Amino acid sequence: MAIKKILTDPDPTIRKKAARVTTFDATLTRIIQDIEDTMYDAGGQALSAPQIGISQQIAIVDMEQDGILQLINPVVTAESETKTTELEGCLSVPNRFGEVTRSQMITVKSQDIHGREIELTAYDDIARMILHEIDNLNGVLFTDKMDREITEAELEAYYENE
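Each residue of the sequence shown is one higher than the last, beginning at 1 in full-length UniProt numbering.
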């Protein structure tokens, strides 16, 4: 459909709680396609509607071989007590990376593109990306939650070790 401009911090659109989606129609389908096109163009793995200037509770996560997860009005209903600390970055916070501690397993209730309620359980990297995007939908960026910022040298070493 269209590649949109990704808003960056401190744009006020990405710093406020997005509105719930109440209309499930062709406009919603177009927004989701625009989010997907923009995410892939930017080389991202997940993106939310507020990041492209649309203050609605819509996000997508690329789950690789399992396809694209569409999250509409997502709510975390359960989290594991087990937490992990991993490196995160965000297309709305370019050139900054940090360690963020998040639950290793989550259960999420959401809606699909037709408005039907869905529930899913996610683990590890997928859980982390979903939590990151739900934060974005609530005006919270990873920099608000990071345990510590990673220097450029640490970032290079991190990628060399992978």
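Beta carbons: idealized from backbone N, C-alpha and C, even for Gly.
Since the structure is predicted, the reported quantities are computational estimates derived from the model, not experimental observations.
Taken through DSSP and simplified to helix, strand or coil, Thr121 comes out as strand.
Going by C-alpha positions, Gln57 is about 16 Å away from Ser92.
Here the C-alpha atom of Val100 lies approximately 25 Å from the C-alpha atom of Asp66. Around the beta carbon of Pro12, a 10 Å sphere encloses fewer than 16 other beta carbons of the protein chains shown; the residue is thus reported as exposed.
Counting C-beta pairs closer than 8 Å gives three or more between the region 40-59 and the region 122-136, which meets the contact rule. Closest in alpha carbon position to Thr82, among Thr29, Asn136 and Met105, is Met105. The shortest C-alpha to C-alpha distance from Arg128 to any of Thr23, Thr84, Val140 and Met39 is the one to Thr84. Here Val21 is not near Val75, since their CB atoms are 8 Å or more apart. Minimum Cα-Cα distance from Asp62 among the listed residues Ile126, Asp144, Glu149 and Glu156 corresponds to Ile126. Membership of Phe24 in any alpha helix (DSSP H) is not indicated, and neither H nor E is assigned to it by DSSP.
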